[in-house]
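Counting from 804, one number per residue, gives the positions in the sequence shown under the numbering used here. Accompanying notes for the structure given below.
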Amino acid sequence: MSAATGSLKQQAVLAAKQADWARAQALNEAILDLEPTDVGALNRMGIALIQQKQVAKAKKAFKTALDLDRFNTIAKKNLDKIGQKDSGQVLTFSKQHFIEEPGKTKVVELHRLAGKQVLENVSVGSQCQFRCKKRYISVEVDGTYLGALPEDISFRLSKLILAGNLYDCYIRSVAANVCSVYVRETFRSEQNSDLSSFPTNRNSHQATDDFDESLLKDGMSLDYSNYESEESDTSNIAEEN
804 MSAATGSLKQ QAVLAAKQAD WARAQALNEA ILDLEPTDVG ALNRMGIALI QQKQVAKAKK
864 AFKTALDLDR FNTIAKKNLD KIGQKDSGQV LTFSKQHFIE EPGKTKVVEL HRLAGKQVLE
924 NVSVGSQCQF RCKKRYISVE VDGTYLGALP EDISFRLSKL ILAGNLYDCY IRSVAANVCS
984 VYVRETFRSE QNSDLSSFPT NRNSHQATDD FDESLLKDGM SLDYSNYESE ESDTSNIAEE
1044 N
């Protein structure tokens, strides 16, 4: 990869993190002008096009990536999702998702992080899923492992989830070596009626509505980045970029 291409890639990744999809598309197109067989740029452009509801163009980008690398899981999984009947439904994300509710919401910095190649392809606002383990709760986006909740929070939420609580989780901020998520209790079971998900600590009370408006805008569409990985083997993603 040339220095020029490397610089463009960094800018393209940053644009995606900022949900500037038109700029992300333009930057990846510039990379492809220099290196037409750059599979990573094709995949990133496909995601940017999906976010702009240009599904036909996105499909073409992913197909080209798959033609160049028939084992490319990113392109294949996105094509599979485009082919689903509900693939045209792009979730919307509002600032309301980050409103602070004492005892019900918390911004949490993930531990046991996935590799840089995984994190750099995750966008602010992406919805996450929990997977309960023996000692911690892992956090994933479309099956791709990102990291884990700290053990104390994992321990508490695991018990609450087993007793019927439900939670939403979104990426709040992400960089090469750090990722934080916004967790919100959406349903409290009768069994947990007297239990707070996140007991208030006066010394560490953390507001969650002061997020950077440049990273998250009202009505911003969420991507459905389908980066396939196993928790125990995130290094394979490096080959995709």
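Glycine included, C-beta positions come from ideal geometry on N, C-alpha and C.
Q.
Can you tell me which residues form a DSSP beta bridge with residue 930?
A. Taking the sequence shown and counting its residues from 1, the one referred to as residue 930 is at position 127. The partner list for residue 930 (beta bridge, DSSP) reads 973.
(Q) Only counting the same chain, and skipping five residues up and downstream in sequence, which positions put a Cβ closer than 7 angstroms to that of residue 941? (A) Along the sequence shown, one-based indexing puts residue 941 at 138. Result list for residue 941: 934, 948, 951, 1034, in chain order.
Q: Could you say if the segment 828-839 and the segment 902-914 meet the contact criterion of at least three C-beta pairs nearer than 8 angstroms?
A: No contact exists between the segment 828-839 and the segment 902-914.
Q: Would you tell me roughly how many angstroms separate the C-alpha atoms of residue 894 and residue 980, rounded to the nearest one?
A: Here residue 894 corresponds to residue number 91 of the sequence shown, with the count starting at 1. Here residue 980 corresponds to residue number 177 of the sequence shown, with the count starting at 1. With a pLDDT of only 41 at residue 894, under the threshold of 50, the placement of this residue in the model should not be trusted, and no figure is reported.
Q: Mind reading off the beta-carbon distance from residue 975 to residue 910? Whole number of angstroms is fine, and I expect it under 8 angstroms.
A: For the purposes of this step, residue 975 is taken as the residue at position 172 of the sequence shown. For the purposes of this step, residue 910 is taken as the residue at position 107 of the sequence shown. That belief holds up - the Cβ atoms of residue 975 and residue 910 are roughly 6 angstroms apart, short of 8 angstroms.
Q. DSSP three-state call for residue 819: helix, strand or coil?
A. Position 16 of the sequence shown holds residue 819. Of the three classes helix, strand and coil, the one that applies to residue 819 here is helix, per DSSP.
Q) When DSSP labels each residue in this structure, what does residue 873 get in the three-state scheme? A) The residue given as residue 873 occupies position 70 in the sequence shown. In the structure shown, residue 873 sits in coil (DSSP, three-state: anything other than H, G, I, E or B).
Q.
Need the endpoints of the alpha helix (DSSP H) that residue 921 sits in, please.
A. Against the sequence shown, residue 921 aligns to sequence position 118. Its alpha helix (DSSP H) spans residues 919-922.
Q. So what's residue 991 in DSSP terms, helix, strand or just coil?
A. On the sequence shown, position 188 is the one that residue 991 refers to. Note: residue 991 maps to coil in three-state DSSP.
Q) Secondary structure at residue 912, three-state DSSP: helix, strand or coil? A) Position 109 of the sequence shown holds residue 912. Three-state DSSP puts residue 912 in a strand.
**Q.** Close beta carbons around residue 1002, own chain, < 8 angstroms, minus the five adjacent residues each side
**A.** Here residue 1002 refers to the residue found at position 199 of the sequence shown. Result list for residue 1002: 906, in chain order.
**Q.** Extent of the continuous alpha helix (DSSP H) to which residue 843 belongs
**A.** Position 40 of the sequence shown, counting from 1, holds the residue named residue 843. Its alpha helix (DSSP H) spans residues 842-854.
Q. DSSP on residue 965, reduced to helix/strand/coil?
A. Start at 1 with the first residue of the sequence shown, and residue 965 comes out as number 162. Looking at residue 965 - three-state DSSP - the assignment turns out to be helix.
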